[in-house]
Amino acid sequence: MTTFRVSEAAALLGVSDDTVRRWIDNGALTASADASGRAVLEGSELAAHLEASAGGPGDPVQRGSSARNRFVGLVTGIVSDRVMSQVQMQCGPHRVVSLMSTEAVRELELEVGSLATAVVKATTVIVETP
1 MTTFRVSEAA ALLGVSDDTV RRWIDNGALT ASADASGRAV LEGSELAAHL EASAGGPGDP
61 VQRGSSARNR FVGLVTGIVS DRVMSQVQMQ CGPHRVVSLM STEAVRELEL EVGSLATAVV
121 KATTVIVETP
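Take the sequence shown: its position 122, counted from the start at 1, is 122 in full-length UniProt numbering, and no numbers get skipped.
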């Protein structure tokens, strides 16, 4: 079983070490001791915790879709020429960049600060491990 020290778990969860320790103390997470006596958390428990707490803002697009990789965020930059535009969004900790027609940018009325949803539908996803 993959385990993570408190500091590693905190980095993965996006919180401080103290927050992880509080969650352990109040039973929200379970820790055990490694061979050196340090507190460690099981990777499967961290994964479940991340899934359960992955709320974020709701998707403003209220319609059915088969796409599951949806990232709600704010437009942080737009670079356009006559035909094409590059739209940059910040969706929580994720930076998403999309290339689209300048016509689409105008039709969607996108501007810096707009609330939008990036929908990722890819044929290839590469997963890497340390």
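Backbone N, C-alpha and C define an ideal beta-carbon position, used for all residues, glycine too. Just so you know, these numbers come straight off a predicted model, no measurement behind them.
Straight-line Cα distance separating residue j from residue i
i	j	result
Leu-12	Ile-78	30 Å
Val-87	Arg-22	39 Å
Gly-14	Met-84	35 Å
Leu-99	Glu-128	25 Å
residue 137	His-94	Any property of residue 137 remains undetermined from this structure, which presents the chain solely from 1 to 130.
Ser-80	Val-96	16 Å
Residue burial classification, residue i (beta-carbon count within 10 angstroms, cutoff 16)
i	result
Leu-115	exposed
Leu-110	buried
Val-105	buried
Ser-7	exposed
Ala-52	exposed
Val-112	exposed
Val-120	exposed
Cβ distance (whole Å) where residue i is taken to contact residue j below 8 Å
i	j	result
Ala-122	Met-89	Not really, about 16 Å apart at Cβ, beyond 8 Å.
Gly-27	Met-1	Going by Cβ atoms, the distance from Gly-27 to Met-1 rounds to 20 Å, so no, they are not a contact pair.
First through last residue of the alpha helix (DSSP H) which encompasses residue i
i	result
Ala-52	43-52
Ile-24	17-25
Thr-3	Careful: Thr-3 lies outside any alpha helix (DSSP H), inside the beta strand (DSSP E) at 3-5.
Run of the beta strand (DSSP E) containing residue i, from where it starts to where it stops
i	result
Thr-117	115-119
### Query
Counting pairs of Cβ atoms below 8 Å between the region 69-79 and the region 29-43, do you hit three or more?
Too few Cβ pairs lie closer than 8 Å, so no.
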